[in-house]
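One structure below.
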Amino acid sequence: MDYKVVEIPGRKLIGYSIEMSLVENKTNEIWKKFMPRLKEITNAKSADLYSLQVYPNNYYLEFSPFTTFTKWAAIEIKEFENTPEGFEHMELPSGKYAVFNHKGNTEMFAKTAQYIYGEWLPNSGYELDNRPHFELLGDNYLGHENPDSEEEIWVPIK
Numbered sequence: 001m002d003y004k005v006v007e008i009p010g011r012k013l014i015g016y017s018i019e020m021s022l023v024e025n026k027t028n029e030i031w032k033k034f035m036p037r038l039k040e041i042t043n044a045k046s047a048d049l050y051s052l053q054v055y056p057n058n059y060y061l062e063f064s065p066f067t068t069f070t071k072w073a074a075i076e077i078k079e080f081e082n083t084p085e086g087f088e089h090m091e092l093p094s095g096k097y098a099v100f101n102h103k104g105n106t107e108m109f110a111k112t113a114q115y116i117y118g119e120w121l122p123n124s125g126y127e128l129d130n131r132p133h134f135e136l137l138g139d140n141y142l143g144h145e146n147p148d149s150e151e152e153i154w155v156p157i158k
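Residue numbers (full-length UniProt numbering): 1 to 158.
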């Protein structure tokens, strides 16, 4: 699987967050709250959407599908001023990321994630950094059930 390593500056995001686990997946709930209000955001840097996870320390070392983390549905904005009322703010810290292109539905995503964390990462010379993980949903994202859907998986590394 092809990947690239990039260093990014900090980014300003707005959206909504929710506490969840893999067992109690609330991804659809957070997106159903976010998407109807997307048109209210007038200072977005692009149309790309962020499906972002903030995991507790050692999430992958002590993995359990019951462990809770914070899930975000968000978009990058130019500045926090003039943010529509009710949106949450988040500053994505700067840092290095391994970026993978994923094509496929939710079932295929699990296989891609298994490759990244189970094969690529242990053999890469990198280790996970304690920063948010995210998927960037651009023009080729067609929905999580579409086998032709494409997204970028951003893994924080050091």
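Note that the Cβ used here is the ideal one computed from N, Cα and C, for glycine as well.
Three-state secondary structure assigned by DSSP to PRO147: coil
Contact test: LEU49 Cβ vs the ligand FAD heavy atom, cutoff 8 Å: As far as ligands go, the structure on display features none, and thus does not contain the ligand FAD.
Short Cβ contact (9 Å threshold) for TYR97 with VAL6: yes
Three-state class that DSSP yields for THR27 in the structure shown: helix
Residue of GLU40, ARG11, PHE66, PRO36 minimising C-alpha distance to GLU19: PHE66
Run of the beta strand (DSSP E) containing PHE100, from where it starts to where it stops: 95 to 103
DSSP state of ARG11 mapped onto helix, strand, coil: strand
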